[in-house]
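Numbering (the numbering used here), first residue to last: 1202 to 1945.
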């Protein structure tokens, strides 16, 4: 399997795991909480306020803290005060489902509500559990659970501008509310009705916009705000937008182009469009801990206009054009213990003080007026994002060198967290946070595990290997193939000057690079000692007798393996050159390549390769030091190969060898060769031929021409020095043009 495909496959696995994890409550339970705490508390909009029934109010008015025990005529007085103060909408989060024990107080409250004309009552959702008979024999029964609003006292309910429930989930922590309750007949909740009432002054523009987009709307909704039944209007608009989603872009485009509508009104209309077209579940954008929404004690509002308004009333409090919620909101935990209408949220105080239900309702309305509820990505978008993120993280962290992997992974976590935080803070867009971080961590762990596992194969093939065992068992360990030896120039000096820990980290990345390149070209790294390594290419069906016969009849053998070995040499040289640009100090690497018969053995699960070919490959690698080259190979490797640009260097007697080896320098792929490189090989071949014929002047001229263009060319320097030497001191013994290298 190709390396890139393995990387892609692992990235897909990480992406798919991210998709599966999205269906767990990780993001809502942890990710959303992190984002809120990273953002911190913010200032709530001044358009929404809470009038709190609390302990100070109960004490001042000499009443019980329990709202159900408060006389209703006092609520009538409160409504009058708020109307006089200019409140735009008044919402009561109180229960008025039974007649008052005080005669005339219900009528007084109903009159105040009717006179105000802007009071909304919050109802309670109830569940009715009943049985349905399927046949007359009572043999089959089914339970039916119906959900709906609890009936309020008709006298009070009929006086209200509108009434609706405010539905919160029964969960460990409240993060969202319902805008429309599908299980109760798709009834709208309080925030929807309040926003629709709040936008009635711009309803004419709203209706005009709808009629302009589609004239058919003329018959479906009223053209003017006067006399509108709010609940009926909300139902109609909800069905229009749900049934015809294609009109939404048209309406938004028309709104953007309409110059008659102010920016503030456009913002409100956009919020209204989003509400009707969006999901039935809205996530709350909490402003902070309990009482972050401006909260005024009940008793202080009753004193407005009586000369006692300054009695504890916060500075600058003004109810004009405000949306005012009235309900229980305890300032201490002891108050909440008496009246349980509080919910655990991301900003609940450590001392156990939760946010009241009325403040959560006020928060929901404030979010809509600002058009800033928390907006998660749509489900398809979230799943696609997590899959692509996991794919990218998985592939990227495998490609990077080992030393960079952790640094890049940790940096990616911080960068992505900052991006998610910025989107949340500036646009209230909720990007997945926990799952992408876990994907990065998982990708880091898998990348390191894979590098450690593959590093074991780098240091000498530990563990059973069926292909190698086959060679040992069937062919007595003998096989033909290319053998590649590498060595780092100046490693001894480098190891003495570097910190051992830093050197080891550098070598881990270097060896990983070497391993990846060799394995990409089907090679096997069999041994590594310090800075040197030994790799071979094995044909599993190799038979030394057959291979020897092919060599005897002059037919090229193992062509594919030798081609891969040459490609590996060129690619290895290129990636190490790139590696040296990124890391310091550089690790210049010499490569030697030979081909022939070798012997494979195994002991304690460790495989070793020995033979004359192995020794010769190491000597060829060492010749790079004298000739100042990077890749040298023998004529045995090149036999029958095409597609590579090589420079013939002639025969060399290498250290410890009795017979010379015909060496070539591997420069590049033939199709990638530049004109200068081709010229170099041609002129060098001509000069080498003259050298072999003892035409010292002609040969020296050719090598000199090369040095004019390539002043640092090692082979030209080597042979030019020999030409000058033999020109002054001709060789005494029989000439065979074999060069000798004495140092290893």
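For every residue, glycine included, the Cβ atom is placed at its ideal position computed from N, Cα and C.
Problem - Segment contact, 8 Å Cβ cut-off, at least three pairs: the stretch 1427–1436 with the stretch 1528–1535 - result: Contact fails: fewer than three Cβ-Cβ distances are below 8 Å.
Exercise for the section: Indicate the three-state DSSP secondary structure (helix, strand or coil) for residue 1729 in the structure shown. Expected result: As a first step, residue 1729 is located in the chain shown; it is residue number 528 there, counting from the start. For residue 1729, the three-state secondary structure derived from DSSP is strand.
Problem - Whole beta strand (DSSP E) elements within the stretch 1780–1848, 3-residue minimum - result: If we require 3 residues or more, the beta strand (DSSP E) runs fully inside the stretch 1780–1848 come out as 1790–1804, 1807–1811 and 1832–1835.
Practice task
Please name the residue in 1471, 1716 and 1561 whose C-alpha comes closest to that of residue 1253.
Solution key: The sequence position of residue 1253 within the chain shown is 52, counting from 1. Per the Cα distances, 1561.
Problem - DSSP bridge partner residues for residue 1627 (one or two, in chain order) - result: Working through the chain shown from its first residue, we reach residue 1627 at position 426. None, per the DSSP bridge assignment.
Exercise for the section: Pull up the distance between the alpha-carbon of residue 1215 and that of residue 1595, whole angstroms please. Expected result: One-based indexing of the chain shown puts residue 1215 at position 14. One-based indexing of the chain shown puts residue 1595 at position 394. About 6 Å.
Handout entry: Contacting residues, own chain, Cβ-Cβ under 6 Å from residue 1836 (five flanking each side not counted)
Key = Translated into positions along the chain shown, residue 1836 becomes position 635. Within its own chain, the residues whose Cβ lies closer than 6 Å to the Cβ of residue 1836, once the five positions on either side in sequence are excluded, are 1863, listed in chain order.
Problem - Selection from 1405, 1676, 1692 and 1602 that minimises the alpha carbon distance to residue 1709 - result: Reading the chain shown from its first residue, position 508 is the one you call residue 1709. Of the candidates 1405, 1676, 1692 and 1602, the one whose C-alpha sits nearest the C-alpha of residue 1709 is 1602.
Handout entry: Beta-carbon gap between residue 1398 and residue 1411 smaller than 8 Å
Key = Mapped onto the chain shown, residue 1398 falls at position 197. Mapped onto the chain shown, residue 1411 falls at position 210. Taking 8 Å as the cut-off, the beta carbon of residue 1398 is found no closer than this to the beta carbon of residue 1411.
Practice task
Compute the distance between the beta-carbons of residue 1908 and residue 1849, then report whether it is under 8 Å.
Solution key: In the chain shown, residue 1908 corresponds to position 707, counting from 1. In the chain shown, residue 1849 corresponds to position 648, counting from 1. Contact: no.
Practice task
Please classify residue 1250: does DSSP put it in a helix, a strand, or coil?
Solution key: Counting from one through the chain shown, the residue named residue 1250 turns up at place 49. If DSSP states are grouped into helix, strand and coil, residue 1250 belongs with the strands.
Exercise for the section: For residue 1684, write down the residues that DSSP places opposite it in a beta bridge. Expected result: If you number the chain shown from 1, residue 1684 lands on position 483. Residue 1684 is bridged to 1737 and 1795.
Practice task
Pull up the distance between the alpha-carbon of residue 1491 and that of residue 1556, whole angstroms please.
Solution key: Position 290 of the chain shown, counted from the start, is the residue given in the question as residue 1491. Position 355 of the chain shown, counted from the start, is the residue given in the question as residue 1556. Residue 1491 and residue 1556 have their C-alpha atoms spaced approximately 5 Å apart.
Handout entry: Helix, strand or coil at residue 1209 [DSSP, three-state]
Key = Counted from its first residue, the chain shown places residue 1209 at position 8. Helix, per DSSP.
Practice task
Tell me, please, whether the stretch 1281–1300 touches the stretch 1522–1530 by the rule of three or more beta-carbon pairs shorter than 8 Å.
Solution key: Because the criterion of three Cβ pairs below 8 Å is met, the stretch 1281–1300 and the stretch 1522–1530 touch.
Exercise for the section: Take the Cβ of residue 1577 as the centre, count every other Cβ of all protein chains shown within 10 Å, and call the residue buried at 16 or more, exposed below. Expected result: Your numbering for residue 1577 matches position 376 in the chain shown. Classification for residue 1577: buried.
Problem - Unbroken beta strand (DSSP E) run spanning residue 1498, endpoints - result: Counting from 1 along the chain shown, the entry for residue 1498 is found at position 297. It spans 1496–1498 - the beta strand (DSSP E) in which residue 1498 sits, taken as one unbroken run.
Problem - Supposed close pair residue 1724, residue 1766 - CB separation, criterion 8 Å - result: Within the chain shown, the letter at position 523 stands for residue 1724. Within the chain shown, the letter at position 565 stands for residue 1766. Sure, about 7 Å apart at Cβ, within 8 Å.
Handout entry: Spatially closest choice to residue 1636 from 1319, 1282 and 1590, by CA coordinates
Key = The residue labelled residue 1636 in the question sits at position 435 within the chain shown. Taking the Cα of residue 1636 as reference, the smallest distance to any Cα among 1319, 1282 and 1590 is reached at 1590.
Practice task
Report yes if the C-beta distance between residue 1964 and residue 1269 is below 8 Å; otherwise report no.
Solution key: No information on residue 1964 is available, as it lies outside the stretch 1202 to 1945 that the chain covers here.
Exercise for the section: State the Cα-Cα distance for the pair residue 1244 and residue 1706, rounded to the nearest angstrom. Expected result: For this step, residue 1244 is matched to residue 43 along the chain shown. For this step, residue 1706 is matched to residue 505 along the chain shown. Near 50 Å, if we compare the C-alpha coordinates of residue 1706 and residue 1244.
Handout entry: Bridge partners - residue 1880, DSSP secondary structure assignment
Key = What you label residue 1880 is simply residue 679 of the chain shown in a count that begins at 1. None, per the DSSP bridge assignment.
Practice task
Starting from residue 1529, trace the beta strand (DSSP E) both ways and give me its first and last residue.
Solution key: Taking the first residue of the chain shown as position 1, residue 1529 is located at position 328. Annotation for residue 1529: the continuous beta strand (DSSP E) segment containing it runs 1524–1529.
Problem - Under the three-state DSSP convention, the category residue 1364 falls into - result: Translated into positions along the chain shown, residue 1364 becomes position 163. It is a strand residue.
Practice task
Determine the contact status of residue 1866 and residue 1830, defining contact as a CB-CB distance below 8 Å.
Solution key: To locate residue 1866, count along the chain shown from 1; it is residue 665. To locate residue 1830, count along the chain shown from 1; it is residue 629. In contact: residue 1866 and residue 1830 (Cβ atoms closer than 8 Å).
Practice task
Rank 1600, 1682, 1678 and 1853 by C-alpha distance to the C-alpha of residue 1804 and give the top, closest one.
Solution key: Position 603 of the chain shown, counted from the start, is the residue given in the question as residue 1804. The alpha carbon of residue 1804 has as its nearest neighbour, out of 1600, 1682, 1678 and 1853, the alpha carbon of 1678.
Problem - Residue environment, residue 1498, which counts as buried when at least 16 other CB atoms sit within 10 Å - result: Taking the chain shown and counting its residues from 1, one reaches residue 1498 at position 297. Result: buried.
Practice task
Within 10 angstroms of the Cβ of residue 1872, are there 16 or more other Cβ atoms? Answer buried if so, exposed if not.
Solution key: Position 671 of the chain shown, counted from the start, is the residue given in the question as residue 1872. Residue environment analysis places residue 1872 among the exposed positions, since fewer than 16 neighbouring C-beta atoms fall within 10 angstroms of its C-beta.
Problem - Backbone CA spacing between residue 1255 and residue 1615 [nearest angstrom] - result: As a working mapping, residue 1255 is identified with position 54 in the chain shown. As a working mapping, residue 1615 is identified with position 414 in the chain shown. One C-alpha to the other measures close to 43 Å.
Problem - Classification of residue 1458 by the beta-carbon crowding that lies within 10 angstroms, buried from 16 upward - result: The residue given as residue 1458 occupies position 257 in the chain shown. When all chains shown are included, residue 1458 counts as exposed.
Handout entry: Where residue 1556 sits in the DSSP three-state scheme
Key = Counted from its first residue, the chain shown places residue 1556 at position 355. Correct three-state label for residue 1556: strand.
Exercise for the section: Using a threshold of 8 Å, state whether the C-beta atoms of residue 1394 and residue 1365 are closer than that. Expected result: For the purposes of this step, residue 1394 is identified with residue 193 of the chain shown, where counting begins at 1. For the purposes of this step, residue 1365 is identified with residue 164 of the chain shown, where counting begins at 1. Residue 1394 is a Cβ neighbour of residue 1365, given a cutoff of 8 Å.
Problem - Residue(s) in a DSSP beta bridge with residue 1322 - result: Locating residue 1322 in the chain shown gives position 121, counting from the first residue. The beta-bridge partner set that DSSP reports for residue 1322 consists of 1293 and 1364.
Problem - Secondary structure of residue 1538, DSSP reduced to three states - result: As a working mapping, residue 1538 is identified with position 337 in the chain shown. It is helical.
Exercise for the section: Report the option in 1694, 1675 and 1782 whose CA atom is closest to the CA atom of residue 1711. Expected result: Residue 1711 sits at position 510 when you count from the first residue of the chain shown. Put simply, of 1694, 1675 and 1782 the residue whose alpha carbon is nearest the alpha carbon of residue 1711 is 1782.
Handout entry: Beta-ladder partner(s) of residue 1389, from DSSP
Key = Numbered from 1 along the chain shown, position 188 holds the residue referred to as residue 1389. Answer is 1381, bridged to residue 1389.
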